[in-house]
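Some notes on the structure that comes next.
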Amino acid sequence: MASSGGATDIRWLDAGLFVWMAPGYVLLFWSVWQIVRGVNRKPMLNASIMPLVFIGLMLASSGYLYTANPDSPAWERVLLSVMVLATFATGILLIVFGFRQKLPRVGWLFIVNLVGIFLLNGLARMDEQTIALQWVEESINTVSWLCFAFAAHKLLAFTRRNFGVQ
Amino acid sequence: MRGKEGLVDWCIGVLVYWLLVITSLQSPVPSLSISQSLNLSISQSLNLLIPMNYTLPLALVDFLPVLFTAIGLVNIARMVGHISRKHGQVALVGAI
């Protein structure tokens, strides 16, 4: 909203988006992967060492690319690629987890979320971004993430009933 | 039964927010065909094609996915925490 009014310069926030999002999604992916392993009675690996090492390497390589050639978008592409892969892998894990726990509705809601993400990717690449198209994109985005939020809500209720370390 | 009530609550929440957005609209969503039918000038029509020509209602709708993503990610982190507390803490850091 601040951007729509043009009142605040938030370009630095835009540039730093992937720097924050890529490590966040890596941590989330790792945690979800390990608990899926745990539920399938496989040993869970350490919660933080592996993802922190990976995040350190990722940020170091991205930082190196930025200092070597600040005009090239390569440093951002590294972070973006990791973020997309982590998001996609987390989505797949949650879909598989939902269906394996006999929660087909949850699985389908996560599938709708993933389909929405891919659909938006295609729409965002279109040359002419009219206001009408922006409304369509925002509507798809809203429905897609509403499905994600509701599926997560259902999954939380399920784990509360069936698992309980707290 | 609780699941159905939860779904109804979510739908009501989204509906109320959409109504707020719709009521904040000062004019209908423009499209090129509408502008052509109203015989607007070429420059006015081209204004509709300018990228990132954000309006307040669009910015309000743009906030909805952010809100849903935040709710979803925190719930996923809490779900992870119910199975393994340490992994749940890491997931929560990632979600934030």
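Those protein sequence lines, which keep their order, are chains A and B.
For the first sequence, the working numbering assigns the number 1 to the initial residue and increments by one for each residue that follows.
For the second sequence, the working numbering assigns the number 1 to the initial residue and increments by one for each residue that follows.
Ideal Cβ placement from N, Cα and C applies to all residues, glycine included.
Confirm, please, whether the CB-CB distance from residue j to residue i is below 8 Å.
i: residue 123/A; j: residue 137/A; result: yes
i: residue 80/A; j: residue 18/A; result: yes
i: residue 61/A; j: residue 36/A; result: no
i: residue 86/A; j: residue 29/A; result: yes
i: residue 77/B; j: residue 88/B; result: yes
i: residue 82/A; j: residue 80/B; result: no
i: residue 59/A; j: residue 93/B; result: no
i: residue 109/A; j: residue 141/A; result: no
i: residue 84/A; j: residue 116/A; result: no
Taking the C-alpha atoms as reference points, what is the distance between residue i and residue j?
i: residue 98/A; j: residue 111/A; result: 10 Å
i: residue 75/B; j: residue 153/A; result: 6 Å
i: residue 41/A; j: residue 82/B; result: 16 Å
i: residue 38/A; j: residue 63/A; result: 35 Å
i: residue 67/A; j: residue 162/A; result: 50 Å
i: residue 115/B; j: residue 43/A; result: Here chain B covers residues 1 to 96 and nothing more, so residue 115/B does not appear.
i: residue 95/A; j: residue 70/A; result: 39 Å
i: residue 46/A; j: residue 150/A; result: 29 Å
i: residue 49/A; j: residue 86/B; result: 12 Å
i: residue 61/B; j: residue 131/A; result: 13 Å
i: residue 67/B; j: residue 25/A; result: 17 Å
i: residue 76/A; j: residue 56/A; result: 15 Å
i: residue 56/B; j: residue 128/A; result: 21 Å
i: residue 93/A; j: residue 125/A; result: 27 Å
i: residue 74/A; j: residue 34/A; result: 30 Å
i: residue 90/B; j: residue 133/A; result: 37 Å
i: residue 47/B; j: residue 135/A; result: Model confidence at residue 47/B stands at a pLDDT of 47, short of 50, so the residue's coordinates are unreliable; what they give is reported in the following sentence. Residue 47/B and residue 135/A: Cα-Cα distance of roughly 16 Å.
i: residue 65/B; j: residue 88/A; result: 17 Å
i: residue 160/A; j: residue 65/A; result: 44 Å
i: residue 73/B; j: residue 63/B; result: 16 Å
Determine whether the Cβ of residue i lies closer than 8 Å to any Cβ atom of chain B.
i: residue 30/A; result: yes
i: residue 35/A; result: yes
i: residue 77/A; result: no
i: residue 134/A; result: yes
i: residue 24/A; result: yes
i: residue 38/A; result: yes
i: residue 160/A; result: yes
i: residue 88/A; result: no
i: residue 65/A; result: no
i: residue 123/A; result: no
i: residue 109/A; result: no
i: residue 69/A; result: no
i: residue 59/A; result: no
i: residue 48/A; result: yes
Using only CA atoms, which one of the options lies nearest to residue i?
i: residue 147/A; options: 107/A, 162/A, 119/A, 160/A; result: 107/A
i: residue 100/A; options: 24/A, 155/A, 23/A, 16/A; result: 155/A
i: residue 91/A; options: 23/A, 145/A, 16/A; result: 145/A
i: residue 69/B; options: 129/A, 160/A, 21/A; result: 21/A
i: residue 54/A; options: 105/A, 135/A, 23/A; result: 23/A
With residue i as the anchor, note down where its alpha helix (DSSP H) starts and where it stops.
i: residue 50/A; result: 49–68
i: residue 63/B; result: 56–83
i: residue 44/A; result: Taken as a continuous stretch (DSSP letters only), residue 44/A belongs to no alpha helix (DSSP H), as it is neither H nor E.
i: residue 160/A; result: 131–162
i: residue 111/A; result: 104–124
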